[in-house]
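J.: Every letter in the sequence shown is one number past the one before it in UniProt numbering, and letter 328, counting from 1, is 328.
Below you will find the structure I want to go over with you.
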Amino acid sequence: MGSRLSIAGLTKAFSGKTVLDDMSLAIGEGEFISLLGPSGCGKTTTLNLVAGFFAPDGGSIALDGRDITGLPTYQRGVSMVFQNYALFPHMSVAQNIGFGLRMRGENAAAIAARVEEMLALVQLPGVADRYPRQLSGGQQQRIGLARALAVHPGLMLLDEPMSNLDAKLRREMQLELREILAKVGTTTLYVTHDQEEALAMSDRVVVMNGGRVEQMGTPTDIYHAPRTRFVAGFVGESNFVPAEVLGIEGDQARVRIGPVHQARVMLRNARPDAGGRLTLLVRPEHIHIGAPGTDALPATIRAVAFGGPSVRLRAEAEGLPALDCEAASNWAGDLKSGDAVGLRIADDAWYVMPAEAGR
């Protein structure tokens, strides 16, 4: 698969402060790529550079093999959807969707046909004559998307378009937006600070931190095989647990966790010596809480937070940092602070953090 968008060595500084440092990325035809990271990590700056709102201090941007680094926005063949959708309040829905086509000099019949097609695509066929103020937040978002798609963009850029929606509508729109973009096969670069959103919608996720790429990969890779402690901590809930290596057997290590508990873990990228130390990652959903027993890590519940279908718990085990756990609320909801429990963690639930991430 060839690259639709190629970003090579982008750098950008504002007022002497570097906000993007040697950013490189290749996006294939029809891919949905999310830039994920905390505020100030460089994700929106990357989007703005691709859109042409700013000029980079270094590096290049190419779309379909054509260098667009120095081109103005209107010559790049990209469309952008903003956080506030940027609909024109004095224009009807139909006029908003057809705006870009009118600017290109398309005839009225072609514009009307494209507007009708876009309204059908976003499943809002009856709102052509309404104005943005007459639409819900979710409807406004879909109209913003329809307007961006109407001009047949080579690349779609979306800057946290769901940040103004409530949690329930945001989850619904994640599926709708992904379905719409998949139907038309549009290559998409999406910016978000919401890890759940990035994992749910993307073909690949680019995790950014401090202006640089920390890790790039599929949602599964990012969640289950983080390369750095930052990625492990930012994407999903994490427990980092120190362990002592008791012995090496092929690609596995026998380790001691706490005073007495032992496990056998896959080494993957780490190659410790016997007697050395490892940092292990275990996700809360992989810690099974039950009655104390010889096959379990003895622990005491210190905090309980009810969350509807699940309960979040914090457990304390001797010699270990506090462990965050997650369990079904139909039985774990009766647990309370001070209860003695047994924590059972399958060997394959432990992930050995790369050495540089565990220091």
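C-beta: ideal position from N, C-alpha, C; glycine also.
Should the stretch 312-325 be called in touch with the stretch 276-287, which here means at least 3 C-beta pairs below 8 Å?
T.: Result yes; three or more Cβ-Cβ pairs closer than 8 Å.
J.: Can you grab the Cα-Cα spacing for the pair glycine 358 / arginine 344, in whole Å?
T.: Reliability of the predicted coordinates at glycine 358 is poor, the pLDDT of 42 falling under 50, and no value is obtained from them.
J.: Within the continuous alpha helix (DSSP H) that includes proline 183, where are the two ends?
T.: Just to set this straight, residue 183 is lysine in the shown sequence, not proline. Looking at the DSSP string, the run of the alpha helix (DSSP H) that includes lysine 183 is 167-184.
J.: Measure from the alpha carbon of serine 24 to the alpha carbon of each residue in Lys17, Phe32, Leu267 and Lys43, then state which is nearest.
T.: Taking only the C-alpha atoms, the option nearest serine 24 is Lys43.
J.: Enumerate in chain order the residues of its own chain whose CB-to-CB distance from phenylalanine 54 is below 8 Å, with the five nearest sequence positions on each side excluded.
T.: Same-chain partners within the cutoff: Lys12, Thr45 and Asn48.
J.: Return the residue from the list Arg271, Gly308, Val341 and Arg268 that minimises the CA-CA distance to aspartate 295.
T.: It is Val341 whose Cα lies nearest to the Cα of aspartate 295.
J.: Do methionine 201 and arginine 178 count as a contact pair if the criterion is CB distance below 7 Å?
T.: Yes, Cβ-Cβ distance for arginine 178 and methionine 201 is below 7 Å.
J.: According to DSSP, simplified to helix, strand and coil, what is lysine 17?
T.: Strand.
J.: Quick check: the Cα distance between leucine 5 and alanine 62, rounded to an integer number of angstroms?
T.: Approximately 6 Å, taken between the alpha carbons.
J.: In chain order, what residues of the same chain have a beta carbon less than 7 Å from the beta carbon of phenylalanine 306, not counting five sequence neighbours either side?
T.: Contacts found: Ser329 and Gly333.
J.: Going by beta carbon distance, what residues of the same chain come within less than 7 Å of valine 304, once the five residues before and after it are set aside?
T.: If we look at valine 304 and ignore the five residues flanking it on each side, its Cβ neighbours are Val311, Leu313, Leu335, Lys336 and Ser337.
J.: Look at the Cβ atom of valine 115, then the Cβ atom of alanine 94, and state whether they are nearer than 7 Å.
T.: Contact flag set, yes.
J.: Tell me the residue span of the alpha helix (DSSP H) that contains tyrosine 223.
T.: 219-224 is the extent of the alpha helix (DSSP H) around tyrosine 223.
J.: Going by DSSP, what residue range makes up the alpha helix (DSSP H) through leucine 101?
T.: Here the alpha helix (DSSP H) through leucine 101 covers 93-103.
J.: Would serine 34 pass as a contact of valine 207 if the rule is Cβ separation under 7 Å?
T.: Not a contact, by the Cβ cut-off of 7 Å.
J.: Fully enclosed by the stretch 329-359, which beta strand (DSSP E) runs are 3 residues long or longer?
T.: Complete beta strand (DSSP E) runs here, min 3: 340-344.
J.: Restricting to runs no shorter than 3 residues, where is the beta strand (DSSP E) found entirely within the stretch 258-329?
T.: 261-266, 277-282, 288-290, 297-306, 310-316 and 323-328, all fully within the stretch 258-329.
J.: Would you be able to state if there are at least three C-beta pairs under 8 Å between the stretch 71-89 and the stretch 129-148?
T.: Touching, per the Cβ criterion.
J.: Rank Pro56, Asn164, Gly100 and Gly98 by C-alpha distance to the C-alpha of leucine 71 and give the top, closest one.
T.: The option with the nearest alpha carbon to leucine 71 is Pro56.
J.: Between the Cα of proline 309 and the Cα atoms of His286, Glu29, Ala8 and Trp331, which residue gives the shortest distance?
T.: Comparing Cα-Cα distances from proline 309 to each of His286, Glu29, Ala8 and Trp331, the minimum goes to Trp331.
J.: Compute the beta-carbon to beta-carbon distance between glutamine 139 and valine 127, rounded to the nearest angstrom, for a pair I have assumed lies under 8 Å.
T.: Glutamine 139 to valine 127, Cβ: 7 Å. Contact.
J.: So, for alanine 232: in the same chain, excluding its five sequence neighbours on each side, which residues have a beta-carbon less than 6 Å away from its beta-carbon?
T.: Answer for alanine 232: Pro226, Ser238 and Leu281, listed in chain order.
J.: When the Cα atoms are used, what is the spatial distance from threonine 69 to alanine 113?
T.: Approximately 33 Å between the Cα atoms of the pair.
J.: Going by DSSP, which residues form a beta bridge with alanine 62?
T.: DSSP, once it has assigned bridges, lists Ser6 and Asp67 as partnering alanine 62.
J.: Less than 7 Å between C-beta atoms, sequence neighbours within five positions excluded: which residues of the same chain meet that for alanine 8?
T.: For alanine 8, where only same-chain residues beyond five positions count, the Cβ hits under 7 Å are Ser24, Gly59 and Ser60.
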